[in-house]
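Below is one structure; the comments refer to it alone.
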Amino acid sequence: MIGDDLKIAGRLFGSRLFIGTGKFSSSTIMKSALIASETEMVTVALRRVDLSNPDDHILNHLDLKKCQLLPNTAGAQSADEAIRLAMLSRASSQTNWIKLEVTPEPRHLVPDGEETLIATKFLVKEGFVVLPYMQADPILAKKLEDAGAATVMPLGSPIGSNKGLKTKELIKIIIANSNIPVVVDAGIGAPSHACEAMELGADAVLVNTAIAIANDPILIASAFRSAVIAGRQGYLAGLAEESEGEASSPLSWLIK
Amino acid sequence: MTFNVSSFAKLLTTTSDSELNNLALKAKKSTQQHFGNTIQLYIPLYLSNECCNSCLYCGFNKNQKIKRQTLSLEEATSQLQIIKSKGFDNILLLTGEHKASVGVDYLEPIIQQAQKMFSYVALEVFPCTTAEYKKLVDAGTSGLTIYQETYNRKIYSNMHPAGPKRDFDFRFTAPERALTAGMRKMGLGFLLGLSDWQTEAINLAEHLDYLMKKYWKADFTVSFPRIHEAPNGLPIQAVSDRDFVQMILAFRIAFPKVGILLSTRENAQLRDNLLGLGVTQISAESKTNPGGYSENSSDEQFKVSDNRSLEEIISTLEKKGFDPVIKDWSTILSKKQ
Numbered sequence: 001m002i003g004d005d006l007k008i009a010g011r012l013f014g015s016r017l018f019i020g021t022g023k024f025s026s027s028t029i030m031k032s033a034l035i036a037s038e039t040e041m042v043t044v045a046l047r048r049v050d051l052s053n054p055d056d057h058i059l060n061h062l063d064l065k066k067c068q069l070l071p072n073t074a075g076a077q078s079a080d081e082a083i084r085l086a087m088l089s090r091a092s093s094q095t096n097w098i099k100l101e102v103t104p105e106p107r108h109l110v111p112d113g114e115e116t117l118i119a120t121k122f123l124v125k126e127g128f129v130v131l132p133y134m135q136a137d138p139i140l141a142k143k144l145e146d147a148g149a150a151t152v153m154p155l156g157s158p159i160g161s162n163k164g165l166k167t168k169e170l171i172k173i174i175i176a177n178s179n180i181p182v183v184v185d186a187g188i189g190a191p192s193h194a195c196e197a198m199e200l201g202a203d204a205v206l207v208n209t210a211i212a213i214a215n216d217p218i219l220i221a222s223a224f225r226s227a228v229i230a231g232r233q234g235y236l237a238g239l240a241e242e243s244e245g246e247a248s249s250p251l252s253w254l255i256k
Numbered sequence: 257m258t259f260n261v262s263s264f265a266k267l268l269t270t271t272s273d274s275e276l277n278n279l280a281l282k283a284k285k286s287t288q289q290h291f292g293n294t295i296q297l298y299i300p301l302y303l304s305n306e307c308c309n310s311c312l313y314c315g316f317n318k319n320q321k322i323k324r325q326t327l328s329l330e331e332a333t334s335q336l337q338i339i340k341s342k343g344f345d346n347i348l349l350l351t352g353e354h355k356a357s358v359g360v361d362y363l364e365p366i367i368q369q370a371q372k373m374f375s376y377v378a379l380e381v382f383p384c385t386t387a388e389y390k391k392l393v394d395a396g397t398s399g400l401t402i403y404q405e406t407y408n409r410k411i412y413s414n415m416h417p418a419g420p421k422r423d424f425d426f427r428f429t430a431p432e433r434a435l436t437a438g439m440r441k442m443g444l445g446f447l448l449g450l451s452d453w454q455t456e457a458i459n460l461a462e463h464l465d466y467l468m469k470k471y472w473k474a475d476f477t478v479s480f481p482r483i484h485e486a487p488n489g490l491p492i493q494a495v496s497d498r499d500f501v502q503m504i505l506a507f508r509i510a511f512p513k514v515g516i517l518l519s520t521r522e523n524a525q526l527r528d529n530l531l532g533l534g535v536t537q538i539s540a541e542s543k544t545n546p547g548g549y550s551e552n553s554s555d556e557q558f559k560v561s562d563n564r565s566l567e568e569i570i571s572t573l574e575k576k577g578f579d580p581v582i583k584d585w586s587t588i589l590s591k592k593q
C-alpha cells in the first residue's frame, strides 16, 4: 500500500509478508511462490546454503535486487553457535542482516530466550541488523528492543504447526508495548491466520511451511499476499467493535 | 505428540489393506508437514573391514575368508575426494570392530580431514567410552549411528558368539555415552531378520523415547537395515515388504519429528515407493567395501540392491516432486572451538 511502507533499520518494505525458503519441492516452485507473494524479505537457513557458491540452488533463485536476503541461524543451540553462524554469514553474503534463531531442542524448535538475548546484545554491538525469533513473551520483547533488536519475531504457535495465533493474547501485549516492528513468525498456517495477525496490529508476518507444502504453493502465496494486505487495511481502518446487536439503547429515554 | 507404547503397538498389529492404506495417508501427511517436500542424501564410506567379532549375519565376521583392508589416511582422503567430486556433502564413515588397528586414534585424523571437505560427518563404528566419544566429537563428528542389532538378549548372545560385541550392555548404553560426550545427532535401529520385528520395534521405540527425553538437545533418526541374505546360510526371520513398510509408517506416526534413513540394502523400486511415506534421508551410490569408490579389491559387508548414481537418484527425486537436499548442516554446529 502506498505510503504505508514498513521500515526496518532504515530500509523500506512495500510488502509485509516475509517468506521462509525451507520445505519446498523445488527451487523453481519456490521462486514462483516468492514472485506470487510479492515478498521483499526472504529468509534462508545458513546451514542449507553455501553462501560462497553463487551457483547454490537456493540463492540463485532469489532476486536480491528486490528482496532483502535474511540469513537465519536455524540449528544453533546456543548464543555462541548463532553468533558464529552470523559472522560466517556476514563474511560471505554481503549482508549484515540476520534472523536470529536459537533453538536447543531440535524437534519443536522452541526458542531459548536467554541465549537469544545474549546473542542479540553481542550481534547488535558487532553492527548486525538483528531480527530475533522468540517466544511470545512481552518482557523478553522489551529486553530485546532495549538490546537493539531491529524487530521482534514472536511465535504464533509452534513452528511448522500451522495452528495459527495460539499466543494471541500475549502477542497483543507485545504489539501494545513495542516501539520496534513486531513480526509474527511461526505457526501461521492459513491466509486467515496472517490476516488476523495483521488486524491485531502486527507489522508483518513470516510464512514458510504453509506455502511450501500446499498443493499449489504459488496460488497460496498469492492468497497470503492478499490476506496480509487485507489485515493491514483492517487494522489501519480501525476495526469496528464486536457487538451483541442490542435492539435499542438503554438511554433512549434520555437521548431522543 | 506424546509417545504411548500401547498406541504404538497397535500401529504394528496386523491390519487390513484399507487400514494400512490409512496409515500410509497419515504418515505421508505427517512427513510432509514436518520435513517438507525434501529428501536428504548421504553416502557411506567404509574405512575398514577388519573385525574381531563373529556376528553370524555379517559379511565382515572374522571367520569369513575375505580380503581385509584398512584405508590409510591418504587412501581415505582420496576416497573422500572422489565422493566429494560426485556432489555429496553428508558422509557416513564406517568401520568394523578392531580397536588395535582401527581405533579412535586411527579415526581422528580421518574425521578431521572429512570435516574439512564435508559439512556433515557421521560415524557408524564400534561402541566407545565417553572419553573416546568426546575425542571423536572434538575431531568434528556431528552424528553417530549405532544399531543394537537385536534387543533380545538371548538372540543377541547367540548371534555374537565371540568378540567384544558379545557385551550387550556396553552396546546398549553406547548412545548415552555418545550423547553425554556432545554428539549432536544419534541414529538408532535394529537389524530386521534376527527376531520378531514387532517386539524389536517396540523396544526400539521405548529406547528412542527415553533417549529423546533425557538428551533433549540431540536430534534423532532411526533406520531399519533388513537382512536379505546372510552369510553361510544363516536362517533368518524374513520380514516381508508389507511388514517393513508398516513399521516405517508406525515410526513416522508415533515419532513425527524423527528422521528415517533408508539405505541401498533395499532395491530402487521399494526405495522410490517409500519416498514421502516417512523416509527422510536416503543414501546413494553406496559401496560397502573399503576403497570401493576407486577399485573393487576388498570384500563388501552386504550386497547393495540399488546401484543408481547420485545423478539418477536426484533426477528420480525431482520427478517425484522432492527437493534433493545435499547440504543441511554447518561445521559451526558441530566443531567445538
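Read top to bottom, the protein sequences are chains B and D. If you're matching positions, the first sequence starts at 1 in this note's numbering and goes up one per residue. If you're matching positions, the second sequence starts at 257 in this note's numbering and goes up one per residue. Built from N, CA and C at the ideal position, the CB exists for glycine as well.
Check, Outcome
"What did DSSP end up calling THR269/D once you bin it into helix, strand or coil?", "coil"
"State yes or no: is the beta carbon of ASP50/B nearer than 8 Å to at least one beta carbon in chain D?", "yes"
"In chain order, what residues of the same chain lie with their CB nearer than 6 Å to the CB of GLU38/B, ignoring the 5 residues before and after it?", "SER15 and ARG225"
"Pick from ILE582/D, LEU444/D, GLU574/D and GLY489/D: whose alpha carbon is nearest that of VAL514/D?", "LEU444/D"
"Within 8 Å of any Cβ in chain D, is that where the Cβ of PRO54/B sits?", "no"
"Are the C-beta atoms of GLY438/D and some chain B residue less than 8 Å apart?", "no"
"Count the other CB atoms, across all protein chains shown, that sit within 10 Å of the CB of PRO250/B; report buried if there are 16 or more and exposed otherwise.", "exposed"
"With a threshold of 8 Å between beta-carbons, can ALA76/B be considered close to chain D, or not?", "yes"
"So LEU302/D and TRP585/D are supposed to be a Cβ contact under 8 Å. How far apart are they, rounded?", "Here the sequence assigns Tyr to residue 302/D, which means Leu is not the residue at that position. Contact flag wrong, Cβ pair sits at about 22 Å."
"Out of PRO104/B, ILE29/B, GLU114/B and PRO132/B, which has the shortest C-alpha to C-alpha gap to ASN72/B?", "PRO132/B"
"Exposed or buried, which one is PRO111/B when buried takes at least 16 other CB atoms within 10 Å?", "buried"
"Cutting at 6 Å between CB atoms, please list the residues of its own chain near LEU350/D, excluding the five before and the five after it.", "PRO300, TYR302 and GLU380"
"Tell me the start and end of each unbroken alpha helix (DSSP H) in the region 51-131 of chain B that is at least 4 residues and wholly inside, in chain order.", "79-93 and 113-125"
"Over what stretch of residues does the beta strand (DSSP E) that includes PHE476/D continue unbroken?", "475-479"
"Using a Cβ-Cβ cutoff of less than 6 Å, which residues in the same chain neighbour LEU109/B once the five nearest sequence positions on both sides are dropped?", "THR103 and ILE159"
"Using 8 Å as the threshold, is the C-beta distance between ASP50/B and LYS583/D below it?", "yes"
"Could you tell me whether the Cβ atoms of LEU117/B and SER93/B are closer together than 8 Å?", "no"
"From ILE433/D to LYS166/B, what does the alpha carbon distance come to, in whole angstroms?", "First, the amino acid is wrong: residue 433/D is Arg here, not Ile. One C-alpha to the other measures close to 38 Å."
"For a contact meaning CB atoms closer than 7 Å, what does SER93/B contact in chain D?", "Ordered by position in chain D, no residue passes the 7 Å Cβ test against SER93/B, which lies about 13 Å from the chain."
"Give a yes or no on whether the minimum CB-CB distance between SER26/B and chain D is below 8 Å.", "yes"
"Reducing DSSP to helix, strand and coil, say where SER192/B ends up.", "helix"
"Going by DSSP, what residues sit across from VAL183/B in a beta bridge?", "ALA204/B"
"With which residues is LEU531/D paired in a DSSP beta bridge?", "VAL535/D"
"Is the region 51-65 of chain B touching the region 83-102 of chain B, taking contact as three or more C-beta pairs under 8 Å?", "yes"
"In chain B, what lies closer than 7 Å to TRP585/D by C-beta?", "ARG47"
"Which residue comes first and which comes last in the beta strand (DSSP E) that contains ILE173/B?", "Careful: ILE173/B lies outside any beta strand (DSSP E), inside the alpha helix (DSSP H) at 168-177."
"From GLY238/B to ALA230/B, what does the alpha carbon distance come to, in whole angstroms?", "12 Å"
"Taking C-beta to C-beta, are PHE18/B and ALA86/B nearer than 8 Å?", "no"
"Tell me the residue span of the alpha helix (DSSP H) that contains GLU567/D.", "566-575"
"Going by beta-carbon coordinates alone, are ARG84/B and ILE367/D separated by less than 8 Å?", "no"
"From ALA119/B, VAL183/B, VAL124/B and GLU114/B, pick the residue whose C-alpha is nearest to that of ASN96/B; which is it?", "VAL124/B"
"In the region 213-239 of chain B, which residue ranges form an unbroken alpha helix (DSSP H) of at least 4 residues, counting only runs that do not cross its ends?", "217-237"
"Counting along the chain, where does the alpha helix (DSSP H) carrying GLN337/D start and finish?", "329-342"
"Taking 8 Å as the CB-CB limit, is ASP528/D close to chain B?", "no"
"Tell me which same chain residues have a C-beta within less than 7 Å of the C-beta of MET503/D, skipping the five on either side of it?", "LEU268, TRP453, ALA457 and PHE480"
"What three-state label does DSSP hand PHE578/D in the structure shown?", "coil"
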